[in-house]
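Peer 1: Take a look at the following structure, please.
Protein chains in written order, with UniProt numbering: chain A, 1 to 249; chain B, 1 to 461.
This is the structure in structure tokens:
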């Protein structure tokens, strides 16, 4: 069985993002970029399927600029067998990525696609669902446990206030939640070996896909700043402030 | 009654609201993180200006009182302990950041500024204050300077000393000295600024500091390597240092790893275990060079395995294997030693100290870790479960002089970065010659003739 994993290059989770002064977006200059954390979990899950003998091949796909090769190399070091870069300088939105992934699925015919439940930059949580809809595949989102059966996958989903267990027919799209697994570190000997693993590069046009953005960003603004705390001198002053300023007592 | 008149005289200087005498305050401000001493100060004063401090020092000289400086109280050698009815001078309320000079890249601060606040302030200026350590959230810059604090980035950015462009101090005599005024070049004789850095408040108290900020750090990666022996650790240091721009080079033993894994509830970073581990941090731009270095070490067998962070979160997580050690061994009441030797002598020194302790106490577990890149080794001796804390400490004290004799033989330091304070005072002679100590006492006499500034600390009485 083939497993396809989608990995997005995003601003590192720990970076303090700054909004550009013209409010057109966030500053990406000299900002550390990493694999989307949910996609790290997707890569780990695919590699575990392979290690358990349930998958023969793990293919990692990334859509974006040529710099995305870095994230593909990371996935290869973690255990993926080969990479596909769909290179474009366009800003790719969920629908565009879903179309690209659909084209790759037509080409590679994997039984399972695993992707993060959302990317931490756009926070859209749309790509996996759109891909399933475009291809008419089963979809199991927000997975915290995946078990493969005969032509099916049984997936435990994290839903509001509990868990839901569903069985989907393959091929299917699975999106990962935080608790699915704990990704391993990239081992240096494996990074050395990964240098020899192949990465194929296509453009969206090669795949017959149009990734022109369909959504226009009007404005990006930072969250409201919190006021600094104050030190009160006496209990009386505290009570007074709670009563008359905060109006909570 | 005398105490009362003293309190009112001090109150006349700093104001009633800036004096504390409650039992809770006396206990809290009477000590640092060292837990071997019972705090017993007479009162705590919180000056707000340099002028107030000058007046306090004048009264102390007049009445032969002892003043103990108090910052974030995170010291590990009892340097800020007041146990003999001293007056604690807390810098908590001298905590303003005065001004930033965008051309000089310096910032003028009061001593009570918390280290982490200075780091955050520097970041707001798109610069960095690069001295960093676990207690940065509590420690104050005045204390950092008085102890010449080190930490985890010394290899790349140096010690606190290297960031100080100017100091204003009040000496024990009551003089206000404005030292070096932020200059870079200043070839005008003795640089008194450097005497006050690391003086542990025994010559005078710092009331203002001009601090040099650095360019913001580039993106960093962490490598954690499994290494078969101490000689390999040194070889790995040599190879990587040639190929990559290192910001940290730390090592720890497999025993340390065991404690972290069982205490921190985190998984092993890789399958293979080895006698030692190296954590090295480097600038991302030199990652290619680090890979070349790794390949070379793997080939010659000086590393067995290794992992590298792929994100900022993983970088932080990998640090936990190293930074989690202290916390993980705390339940075993570790007897701590903070030693330094020249980098090249580390393996031989480590073996000699291990032999010395194990010869007397084969049952004591020794946990080694430290900043190899700085020649700084932390030796922690763990208490066996069937030993009482008292008898364990007594035995460790008795073997301590033997350990320090090894330090002396290797021309090392009995305190690499924790200072001397009370805890290491009687072992100072293992690192400093009698002539040197006499000179130090002479300097103390010059700046503080009446011995009012943190008496009994650092130097023999």
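Even for Gly, the Cβ is constructed at its ideal location relative to N, Cα and C.
#1: Do residue 309 of chain B and residue 239 of chain B come within 7 angstroms of each other at the CB atom, strictly closer than that value?
#2: Kindly provide the ranges of any beta strand (DSSP E) runs that are 3 or more residues long and lie completely inside the stretch 34-91 of chain A, ordered along the chain.
#3: Name the DSSP beta bridge partners of residue 164 of chain A, please?
#4: Is residue 185 of chain A near the ligand NAP, judged by its Cβ being under 6 angstroms from some heavy atom?
#5: If you follow the alpha helix (DSSP H) that residue 27 of chain B is part of, which residue opens it and which one closes it?
#6: Would you kindly report the start and end of the unbroken alpha helix (DSSP H) that includes residue 195 of chain B?
#7: Please report whether the beta-carbon of residue 311 of chain B lies at a distance below 7 angstroms from any beta-carbon of chain A.
#8: Of all the options B:145, B:327, B:322 and B:36, which has the alpha carbon lying nearest to the alpha carbon of residue 158 of chain B?
#9: If distances are taken between C-alpha atoms only, which option among B:152, B:196 and B:173 comes closest to residue 166 of chain B?
#10: What residue does the beta strand (DSSP E) around residue 234 of chain B start on, and which one ends it?
#11: Roughly how many angstroms lie between the CA atoms of residue 232 of chain B and residue 371 of chain B, to the nearest whole one?
#12: With H, G and I counted as helix, E and B as strand and the rest as coil, what does DSSP make of residue 311 of chain B?
#13: Using a Cβ-Cβ cut-off of 8 angstroms (strictly less than) and excluding sequence neighbours within five positions of residue 3 of chain A, which residues of its own chain qualify?
#14: Tell me the DSSP secondary structure of residue 206 of chain A in three-state form.
#15: For residue 160 of chain B and residue 208 of chain A, I'd like the C-alpha separation in whole angstroms.
#16: Spatial neighbours of residue 1 of chain B within its chain, please: C-beta separation below 7 angstroms, excluding the five flanking residues on both sides.
#17: What do you get for residue 234 of chain B, buried or exposed, if any count of 16 or more other CB atoms within 10 angstroms of its CB means buried?
#18: Would you mind listing the beta strand (DSSP E) stretches within the stretch 112-188 of chain B that are 3+ residues and don't spill past its ends, in chain order?
#19: Could you tell me whether the Cβ of residue 219 of chain B comes closer than 7 angstroms to any Cβ of chain A?
#20: So residue 4 of chain A is in the beta strand (DSSP E); what residue range does that whole segment cover?
#21: May I ask you to list the residues that DSSP assigns as paired with residue 169 of chain A?
#22: Please identify, using Cβ separations under 9 angstroms, the residues of the stretch 158-187 of chain A that lie next to chain C, in order along the chain.
#23: Could you pull out every residue in the same chain whose Cβ sits closer than 6 angstroms to the Cβ of residue 41 of chain B, ignoring the five residues on either side in sequence?
#24: Return helix, strand or coil for residue 234 of chain A, following the three-state DSSP convention.
#25: Please state the DSSP three-state secondary structure of residue 30 of chain A.
#26: If we ignore side chains and look at the alpha-carbon of each, how far apart do residue 184 of chain A and residue 269 of chain B end up?
#27: So residue 92 of chain A and residue 211 of chain A are supposed to be a Cβ contact under 8 angstroms. How far apart are they, rounded?
#28: Name the one or two DSSP bridge partners that residue 101 of chain B has.
#29: Which one or two residues does DSSP pair with residue 43 of chain B in a beta bridge?
#30: Which one or two residues does DSSP pair with residue 146 of chain A in a beta bridge?
#31: Using a Cβ-Cβ cut-off of 7 angstroms, state whether residue 1 of chain B counts as contacting chain A.
#32: Excluding the 5 residues preceding and the 5 following residue 92 of chain B in the sequence, name in chain order all residues of the same chain whose CB lies nearer than 7 angstroms to its CB.
#33: Say whether chain A places a C-beta atom closer than 7 angstroms to the C-beta of residue 269 of chain B.
#34: Between residue 36 of chain A and chain B, is any beta-carbon pair separated by less than 7 angstroms?
#35: Helix or strand or just coil, what does DSSP make of residue 9 of chain A?
#36: Considering only C-alpha positions, which residue in the set A:186, A:101, A:157 and A:33 is nearest to residue 84 of chain A?
Peer 2: So, from the data block:
#1: Their beta carbons are not under 7 angstroms apart, which means residue 239 of chain B does not touch residue 309 of chain B by this criterion.
#2: Segments of the beta strand (DSSP E) lying fully in the stretch 34-91 of chain A: 57-64 and 82-87.
#3: Looking at the DSSP output, residue 164 of chain A shares a beta bridge with A:157.
#4: Of ligands this structure carries none, so the ligand NAP is not represented either.
#5: 23-29
#6: 193-196
#7: yes
#8: B:145
#9: B:196
#10: Where residue 234 of chain B is concerned, there is no enclosing beta strand (DSSP E), although the alpha helix (DSSP H) it sits in stretches over 230-243.
#11: 15 angstroms
#12: coil
#13: The answer, listed in chain order, is 46, 49, 50, 55, 57, 58, 59, 110, 111, 112, 113 and 114.
#14: coil
#15: 60 angstroms
#16: Bear in mind that a pLDDT of 41 at residue 1 of chain B, under 50, signals an unreliable position, so the model cannot answer this.
#17: buried
#18: 164-171 and 176-179
#19: With respect to chain A, the C-beta atom of residue 219 of chain B has a partner C-beta closer than 7 angstroms.
#20: For residue 4 of chain A, the uninterrupted beta strand (DSSP E) run begins and ends at 2-6, by DSSP.
#21: A:152
#22: No chain C appears in the structure shown, which is made up of the protein chains A and B.
#23: 26, 30, 82, 86 and 88
#24: coil
#25: coil
#26: 8 angstroms
#27: 5 angstroms
#28: B:106
#29: DSSP output for residue 43 of chain B lists B:87 as bridge partner(s).
#30: A:155
#31: The predicted position of residue 1 of chain B is uncertain, since its pLDDT is 41 and thus under 50; a value taken from the coordinates is nonetheless stated next. So no, residue 1 of chain B is outside the interface.
#32: If we look at residue 92 of chain B and ignore the five residues flanking it on each side, its Cβ neighbours are 46 and 112.
#33: yes
#34: Residue 36 of chain A has a beta carbon lying at 7 angstroms or more from every beta carbon in chain B.
#35: Residue 9 of chain A: strand per DSSP, three-state reduction.
#36: Between residue 84 of chain A and the set A:186, A:101, A:157 and A:33, the nearest pair of CA atoms involves A:101.
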